[in-house]
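Note sheet for the following structure.
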Amino acid sequence: MEKRLNISEIASLAGVSTATVSRVLNDYPYVKESTRERVKKVIQETNYRVNAIARKLRRKKTHTIGVIVSNVLSPFYSVIAKSVEDVAIKNNFSTVLCNGGDKPEKEAKYLEVLHENRVDGIIISPTGKNKDYLNFLLASGIPIVFIDRPTEGVDCDIVMVNNMDVTFNALDFAIKKGYKKIGCIAGPQDRYTGIERFKGYKKALENNGIAYDESLVRFGDFTYESGYSLARELLDSEKPDLLFVANSDMALGAYKYISEKGYKIPHELGFLMFDDPQWASLVTPRVTVISQPVYMLGSTAADILFKRIMEGGQFMDQSPLKIILEAKFVVRESI
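Just so you know, our numbering puts 122 at position 77 of the sequence shown, and the rest follows in order with no gaps.
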């Protein structure tokens, strides 16, 4: 009797990932010959047979795409979700929105759910921790587009902004305006955006002959809570003349603490943030920001995904696209 092993069991027996097994089954070219032969040997020995009906079902469009974002409550990701949905509606597709919470295990679960529900494509702001499963989905023929962050070892389309360069330009402007003791609430250093924006901060200091001072830096997790607590920690121990905060959620928390302490912006403390949520231009003084083209990030990613889905064949064979959109430094009244 034919054994009904699944791909995971075949991968375990062959000592490879599920993505590699899927590549072999689909005749994907970039597999070492020795690995390909090892997988084929296990398949032959176990009488594993690819379910042709299942493969046909996978190719049949469900007119649904999955969208996994880090925080559905964040103004940044709510705009991303809206822009993707707008493009999906124009293409007569539905969207399934998943809140990954920036947690790798939760992200993996949603990837599995989307795969099981046979979505036609996925747009994701990845944690960077689920390389094997993402490669498995790509090898299975499911197009994926990254927004905002790449994942090392996963070669797929991505739409992002010039994080490091625009951060450098903004802080270089502030330094030339006279700010020298610059505090920073940076993002997590296991996230691409956190790393790149922090690089821009350090580069601006270096280019202007200002020594890096770790006592002026705190590392948050891109949440309101970390922005509030780290602003308290930093401002109560040091007194920078300008505070740079690396995303809008942390910036809102930091701004709340600054307001509670009664600091006068910009006379006692300059304030600069990455992102441009609505509140930044409504408070007094209006906040100087690095403004991302957020709607365009989502709509561009969706346009690429639907081109992959609709045109299939020829376009699917093209190399992954890397689109870098320009974020802009917007000078207002807080520096």
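C-beta: ideal position from N, C-alpha, C; glycine also.
| task | For Val375, name the three-state secondary structure that DSSP assigns. | result | Sequence index remark: in the sequence shown, residue 375 carries index 330 (1-based). Note: Val375 maps to strand in three-state DSSP.
| request: Could you have a look at Gly307 and say whether DSSP puts it in helix, strand or coil? | output: Locating residue 307 in the sequence shown gives position 262, where the first residue counts as 1. In the structure shown, Gly307 sits in coil (DSSP, three-state: anything other than H, G, I, E or B).
| message | Does Ser364 come out as helix, strand or coil in the three-state DSSP assignment? | response | If you number the sequence shown from 1, residue 364 lands on position 319. Secondary structure of Ser364 (DSSP, three-state): coil.
| said: Among the candidates Arg242, Val158 and Ser326, whose CA atom is the shortest distance from the CA of Asp210? | reply: The residue labelled residue 210 in the question sits at position 165 within the sequence shown. The residue with the shortest Cα to Cα distance from Asp210 is Arg242.
| So does Gly265 have its beta carbon nearer than 7 Å to some heavy atom of the ligand FAD? | As presented, the structure is devoid of all ligands, the ligand FAD included, so that no description of it is given.
| Which residues DSSP lists as bridging Ala231, in chain order | By 1-based counting over the sequence shown, the position of residue 231 is 186. Paired residues: Phe264.
| field | Residues near Tyr308 by beta carbon distance below 7 Å, same chain, minus five either side | value | To locate residue 308, count along the sequence shown from 1; it is residue 263. Setting aside the 5 residues that flank it on each side, Tyr308 is surrounded in the same chain by Leu314, each with a C-beta closer than 7 Å to its C-beta; the list follows chain order.
| field | Gly245 (DSSP reduced to helix, strand or coil) | value | As a first step, residue 245 is located in the sequence shown; it is residue number 200 there, counting from the start. Secondary structure at Gly245: helix, using DSSP grouped into helix, strand and coil.
| message | Let me confirm a value: Gly298 is counted as buried when at least 16 other C-beta atoms fall within 10 Å, else exposed. Which label applies? | response | On the sequence shown, residue 298 is found 253 positions in, with the first residue counted as 1. That one is buried.
| said: Taking the beta carbon of Met355 as the centre, do at least 16 other beta carbons fall within 10 Å, making it buried, or is it exposed? | reply: Taking the sequence shown and counting its residues from 1, the one referred to as residue 355 is at position 310. Met355 comes out exposed.
| said: Taking the straight line between their C-alpha atoms, what separation do you get for Val76 and Val375? | reply: Stepping through the sequence shown from its first residue, residue 76 is reached at position 31. Stepping through the sequence shown from its first residue, residue 375 is reached at position 330. Approximately 47 Å, taken between the alpha carbons.
| field | Under 8 Å between C-beta atoms of Phe319 and Asn136 | value | Counting from one through the sequence shown, the residue named residue 319 turns up at place 274. Counting from one through the sequence shown, the residue named residue 136 turns up at place 91. Against a cut-off of 8 Å, the Cβ pair of Asn136 and Phe319 comes out as no contact.
| task | Under 6 Å Cβ to Cβ from Phe181, same chain only, skipping five residues before and after it: list those, please. | result | What you label residue 181 is simply residue 136 of the sequence shown in a count that begins at 1. Hits under 6 Å: Thr63, Ala64 and Ser67.
| Can you tell me whether DSSP reads Lys48 as helix, strand or coil? | By one-based count along the sequence shown, residue 48 stands at place 3. At Lys48, the pLDDT of 49 sits below 50, so the modelled position is not reliable; the number obtained from the coordinates is stated separately. In the structure shown, Lys48 sits in coil (DSSP, three-state: anything other than H, G, I, E or B).
| query | Using the beta-carbon count (16 or more within 10 Å), is Asn162 buried or exposed? | reply | In the sequence shown, the residue the question calls residue 162 occupies position 117. Taking all protein chains in view, the Cβ of Asn162 is surrounded by fewer than 16 other Cβ atoms within 10 Å, so the residue is classified as exposed.
| field | Start-to-end residues for the alpha helix (DSSP H) that takes in Thr65 | value | Here residue 65 refers to the residue found at position 20 of the sequence shown. Thr63 to Leu70 is the extent of the alpha helix (DSSP H) around Thr65.
| query | On the premise that Thr109 lies in contact with Phe138, defined as a C-beta separation below 8 Å, what is that separation, rounded to the nearest angstrom? | reply | As a position in the sequence shown, residue 138 is number 93, starting the count at 1. As a position in the sequence shown, residue 109 is number 64, starting the count at 1. At roughly 6 Å, the Cβ-Cβ gap stays under 8 Å, so Phe138 and Thr109 are in contact.
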